[in-house]
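Using UniProt numbering, read the sequence shown as starting at 1 and increasing by one per residue.
Ideal Cβ positions, reconstructed from N, Cα and C, are used throughout, including at glycine.
Written out below as structure tokens is the structure these notes cover.
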Amino acid sequence: MIDEISLFKEGFFKDEAISEKKVIKINLNHLQFYQKKRKQIQLKLLLLLIIKIIILQYNRIKKKMANSNMLHKQIESSIKGLEMDLDSIFDNISNFIDQQFIMDSPIKLCNPKNELSWPKIFKFHLIESEFQLMMLQIVKPLINYKIKDQLHYQLQSDEPHLKKSKQTEFTQKQELTLVQSPSSQLIQKPLTYQIINNNSFQEQKHCRVIAANKDCSIVAFSCYSQIIINEFNQGMMKEIQVLNEHRDYIYTLNFMKKSDQLISGDNGGSIIIWGISNDNLWYSSQLIKGHNNYIMCLLMNNQEDLIISSSGDNIIKFWINQGEWIFQQSITNHTDSVNQISLNDQQDKIVSCGYDNTILVIEYNHQNNRWIVIQNINVDCLGFRICFINNDLFSFQPYQGNLIDFYELKSETKKFTKSKTLIVNEGNDGWQLFPQQYIKEKQLLVSKHDKFVNFITKSQNNIFYVEQSIQFNTNCTFGLLSNDGEYFIIWDDQSQQIQIRQYGKK
């Protein structure tokens, strides 16, 4: 009998231990389930907040433009519908969170008898949780931003809309914001570059590159495989010579600063150095088979003893002058076409952007007289345009979207990091070429994006503003600012005109 009682007690306690283990396991599963659900809701809510911010920023730009166009009305209607859907989703998620998580009672256990003895650690006091604090930090700036946004446009509601024209011009001044900031300011300012109507002229052949010498007394532009040389005087062009040595479309054209010699690159990968004779006529002095694909960009250093070329063959090459131009070295880190390269003021760093969603930072090593890649920056979107502003700052125009990114050299890491963004027009670039330019004398950056050419000024504390934005009816535009920033010359395939604009003219 005693043995039977012992066996019964042993079995009873064993079953009780097994039962308790099962309860623990079940409730641990409950805990993991709710933790997983909480993370899912966090992610969903963050995603919706991001979408909301995007819509708000889109509205800021949309409301700056004329609303008389039917397309704008259709877009406005669609946006309002989407916003209503988002508001509904936000409400549903808020209610769901209230029901599921904001509670001061413990999770219901499978065994009610064990509920009272369950440790208090399993209570979900989300009112005091890090999750709610995090969400408050995210939502509060968004609410403040929306309030400021509404007040901003209430103040501007009485301003007249811009007039609609075939070629719309609007000026906006827009403060550069940190990447993590959701807002920027838009302030109207007078236009700065005005077209000189009588000086524009028809050019039906594709003009994919325009170049000017140091004082803008000579302007050259390409027409397919030809180079047209013009005298330029007070905004007027006069053709003086046509160069016919290239056999393929010309994609890049540069004048040397110390002389009026010319370098050009074409679709077949050839580079031509053009000398100038005593009677001021240009001639082909050297032909270089530089690349196996089109030449996208050519640079020359200040000493004019180094040429840097980039190409559709994914390679950046360096050429030095030893009586004639000879190959020195190449950079092969890009895995796709190299769209633009830029040289800094100290002439010891190059940045490049390519089709491979990569920005390379390349530095000259004085010990072994070689250029080496010191940083590889992966970007979300490829870009056609990149430009040094100074030794510690460069700009990058992504192919898609409505932002220009600015990368700054950090003294602690000696690496370039994206530190600022500037809102510009929304669009997708359809054409390469037309590189970014920075005119130091006027602290002015010129950046083409889709159908717009944006003129961006820099303040002393590295704040950038869009001073003027010129919209064309096409994204097939190719232009140039003179070295002093006085003249802006551009060709587009819709008007088939070379337009000449002058700074400060109304």
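An exposed status is given to residue 380, since fewer than 16 other beta-carbon atoms sit within 10 Å of its beta-carbon. Taking residue 393 as the centre and dropping the five residues before and after it, the same chain places the C-beta of 408 closer than 6 Å to its C-beta, in chain order. Only residues of its own chain outside the window of five on either side were considered, and among them 399, 400, 450 have a CB closer than 7 Å to the CB of residue 428, listed in chain order. For residue 275, the enclosing beta strand (DSSP E) starts and ends at 270-276. Across the structure, residue 232 and residue 368 are spaced so that their CA atoms are roughly 44 Å apart.
Collapsing the DSSP output to three states places residue 376 in a strand. The beta-carbon separation of residue 448 and residue 421, rounded to 18 Å, does not stay under the 8 Å limit for a contact. By the Cβ neighbour-count rule, residue 334 is buried, with 16 or more other Cβ atoms within 10 Å of its own.
Spanning the alpha carbons of residue 220 and residue 456 requires a straight line of approximately 25 Å.
Excluding the 5 residues flanking it on each side, residue 346 has same chain C-beta neighbours closer than 7 Å at 391, in chain order. Assignment of residue 199 by DSSP, reduced to helix, strand and coil, places it in the helix class. In the DSSP assignment, residue 349 falls within the unbroken beta strand (DSSP E) covering 349-354. Of the residues 469, 216, 222, 244, the one whose Cα lies closest to the Cα of residue 498 is 222.
As a beta-bridge residue in DSSP terms, residue 265 pairs with 252, 271. The shortest CA-to-CA distance from residue 370 to any of 405, 291, 319, 487 is the one to 319.
Per DSSP, residue 398 is one residue of the beta strand (DSSP E) stretching across 393-398. Under the three-pair Cβ rule at 8 Å, the region 473-489 counts as touching the region 205-214.
Residue 295 is not a Cβ neighbour of residue 358, given a cutoff of 8 Å.
If you ignore the 5 residues before and after residue 310, its C-beta comes within less than 6 Å of the C-beta of 296, 297, 316, 338, 341, all in its own chain and listed in chain order. In the DSSP assignment, the residues bridged to residue 453 are 448, 470.
Using a Cβ distance threshold of 8 Å, residue 473 and residue 452 do not count as a contacting pair. In the structure shown, residue 231 adopts extended strand secondary structure according to DSSP, grouped into three states. For the set 382, 460, 438, the Cα lying nearest the Cα of residue 403 is the one of 382. Looking at the DSSP output, residue 209 bridges to nothing.
With contacts defined as CB atoms closer than 8 Å, residue 230 and residue 500 fail to qualify as a contacting pair. The beta carbon of residue 434 is closer than 7 Å to those of 448, 477, 478, 479 in its chain, skipping five residues each way along the sequence.
In this structure, residue 239 lies away from residue 250, with their beta-carbon atoms at least 8 Å apart. In the three-state reduction of the DSSP assignment, residue 440 falls in the helix class, which pools H, G and I. Around the Cβ of residue 458, a 10 Å sphere holds 16 or more other Cβ atoms; the residue is buried.
Of the candidates 493, 216, 336, the residue whose Cα lies closest to the Cα of residue 293 is 336.
For residue 504, same chain residues with a beta-carbon under 7 Å away, outside a window of 5 residues either side, are 192 in chain order.
The beta-bridge partner set that DSSP reports for residue 324 is empty. Within the DSSP bridge table, the entry for residue 358 names 378 as partners.
In the structure shown, the three-state DSSP call for residue 247 is coil.
About 10 Å separates the beta carbon of residue 274 from that of residue 287, a gap too long to meet the 8 Å contact definition.
Cβ neighbours of residue 258 within its own chain (closer than 6 Å, five residues either side excluded): 304.
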